[in-house]
Amino acid sequence: MTKPAASIPTPTYVQIEPVGQCNLRCRMCPIQFRRDGPPFGPLAFMEFDLYCKLVDQFTNLKELHLQGLGEPMMHPRFFDMVEYAVQKGIRVTTNSNLTILNPRNVQRCITCGLDTIHVSIDGATKDTYEEIRVRAHFERVLHNLDLILDERLRRDSPLPHLKMVTVIMRKNLAELPDLVRLAHRLRMEEIFVQHLAHDFGESSLPAHYRPMREFVEAETLFHEDIERIETFFSKARQEAEELGIELRLPHVRERSHPPGTPGMDRCSWPWRGAYISYQGLAMPCCMVATPDRIQLGNMADQSVEQVWNGELYQNFRESLSSDNPSELCSSCSIYRGIF
Numbered sequence: 100m101t102k103p104a105a106s107i108p109t110p111t112y113v114q115i116e117p118v119g120q121c122n123l124r125c126r127m128c129p130i131q132f133r134r135d136g137p138p139f140g141p142l143a144f145m146e147f148d149l150y151c152k153l154v155d156q157f158t159n160l161k162e163l164h165l166q167g168l169g170e171p172m173m174h175p176r177f178f179d180m181v182e183y184a185v186q187k188g189i190r191v192t193t194n195s196n197l198t199i200l201n202p203r204n205v206q207r208c209i210t211c212g213l214d215t216i217h218v219s220i221d222g223a224t225k226d227t228y229e230e231i232r233v234r235a236h237f238e239r240v241l242h243n244l245d246l247i248l249d250e251r252l253r254r255d256s257p258l259p260h261l262k263m264v265t266v267i268m269r270k271n272l273a274e275l276p277d278l279v280r281l282a283h284r285l286r287m288e289e290i291f292v293q294h295l296a297h298d299f300g301e302s303s304l305p306a307h308y309r310p311m312r313e314f315v316e317a318e319t320l321f322h323e324d325i326e327r328i329e330t331f332f333s334k335a336r337q338e339a340e341e342l343g344i345e346l347r348l349p350h351v352r353e354r355s356h357p358p359g360t361p362g363m364d365r366c367s368w369p370w371r372g373a374y375i376s377y378q379g380l381a382m383p384c385c386m387v388a389t390p391d392r393i394q395l396g397n398m399a400d401q402s403v404e405q406v407w408n409g410e411l412y413q414n415f416r417e418s419l420s421s422d423n424p425s426e427l428c429s430s431c432s433i434y435r436g437i438f
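Its first residue numbered 100, the sequence shown is counted upward by one per residue in this note's numbering.
Shown next, in the form of structure tokens:
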């Protein structure tokens with residue numbers, strides 16, 4: 100008889116997707132592959148009651164990150180979500196493209212207790228930014244950042260912290276030093292640069308994701324000349340040092356996993372953090388992005404603990420601990436050490 104897997108305490112870090120992909124109002128990516136929200140169905144918003152139910156069940160929760168494939172601030176109760184968790188002593192952060200922020204909500208950005216906004220900016224110029232972020236407006240994002248900074252100063256508040264997140268690719272590599280200067284001008288505390296997160300390389304990939312695989316194949320730096328990459332990385336490091344801004348750059352060479360490497364050393368996500376879609380579906384990590392690739396149980400229907408320690412989660416952890424993990428993991432930039 101197989102010995103049951105040991106129970107794992109619920110994590111201290113959780114990521115929740117308030118809004119699924121909303122094609123009608125938030126088309127920020129050149130490829131729309133997920134079928135949540137208009138025109139495919141109703142608005143893909145997590146119900147506030149479900150959100151509260153989930154947060155309440157993570158009894159060890161210290162940090163909550165509100166982010167998914169949709170823009171979190173589209174949710175009509177986004178700031179209520181922040182306040183609910185903050186009142187429980189939870190540190191709340193989010194990612195936003197800041198394209199739909201309005202003056203009415205700027206005050207709530209400051210007063211709701213939100214700890215950090217990671218602002219997605221992938222180009223230092225209007226042309227590059229708007230080519231990558233389809234239907235976004237560069238000037239609007241900069242204006243909205245100014246509104247937050249002015250309101251934060253007016254209220255003498257250190258929150259929310261502002262950090263820039265940049266996905267580095269062939270289109271914007273040459274602008275990396277300029278992005279560091281832009282981050283400094285916008286009074287960002289940090290610029291976090293990452294590769295395209297996943298190559299969507301698994302053989303079981305649904306057909307409608309193939310354009311995403313082709314996009315990554317065309318834009319990934321792993322087909323770029325290593326000397327060219329290091330030239331712009333070095334210039335960016337020099338700018339960051341001179342300007343006194345923290346810069347995080349990704350690795351450009353993959354790491355190996357010798358036989359017998361423990362699962363948590365390969366990727367700790369399935370042990371340390373939960374990622375939940377707006378419907379309540381649990382996924383192994385945010386790199387998966389969407390539950391039609393894989394999901395490990397429905398926390399809306401079952402309890403958090405039932406799913407977290409359920410058979411699907413335990414089997415996934417066992418696979419990740421083996422020398423032959425699923426293709427979903429082996430093609431991921433975190434597993435490969437290049438995120």
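Beta carbons: idealized from backbone N, C-alpha and C, even for Gly.
Given the structure is predicted, the values throughout are model-derived calculations rather than measurements.
*Since T198 contacts R239 with CB under 8 Å, what's their CB separation in whole angstroms?*
6 Å
*Please report how far the alpha carbon of I393 lies from the alpha carbon of L252, in whole angstroms.*
44 Å
_Close-in-space but distant-in-sequence residues of the same chain around F332 (CB under 6 Å, 5 per side omitted)_ = Counting only Cβ-Cβ distances below 6 Å, and skipping sequence neighbours, we find L348.
_If contacts are defined as beta-carbon pairs under 8 Å, then V292 and I344 qualify, I think. What distance do you get, rounded to the angstrom?_
Their Cβ separation, rounded to whole angstroms, is 12 Å, which puts V292 and I344 out of contact at 8 Å.
_Can you tell me whether A373 is helix, strand or coil according to DSSP?_
Shown here, A373 sits in a strand according to DSSP, grouped into three states.
_Can you give me the C-alpha to C-alpha distance between L275 and D400, rounded to a whole angstrom?_
45 Å
*Does the beta-carbon of S421 have 16 or more other beta-carbons within 10 angstroms, so that it is buried, or is it exposed?*
exposed
*Within 10 angstroms of its Cβ, does L123 collect 16 or more other Cβ (buried), or is it exposed?*
Caution is warranted here: a pLDDT of 33 is assigned to L123, below 50, making its placement in the model unreliable, and the coordinate value is therefore given only provisionally. Per the 10 Å Cβ criterion, exposed.
_Let me make sure I understand the geometry here. Which of T192, E301, R327 has the alpha-carbon closest to that of C211?_
T192
*Looking at the structure shown, is K262 part of a helix, part of a strand, or coil, going by DSSP?*
Taken through DSSP and simplified to helix, strand or coil, K262 comes out as strand.
*How is E345 classed by DSSP in three states: helix, strand or coil?*
strand
*Would you mind reading off the limits of the alpha helix (DSSP H) that contains F415?*
410-420
*Take G372 and list the residues in its own chain whose beta-carbon comes closer than 6 Å to its own, dropping the five residues that flank it on each side.*
P110, Y112
_Taking a contact to mean a Cβ-Cβ separation below 9 Å, would you say P202 touches L246 in this structure?_
yes
*asked:* Quick check on H164: does DSSP put it in helix, strand or coil?
replied: strand
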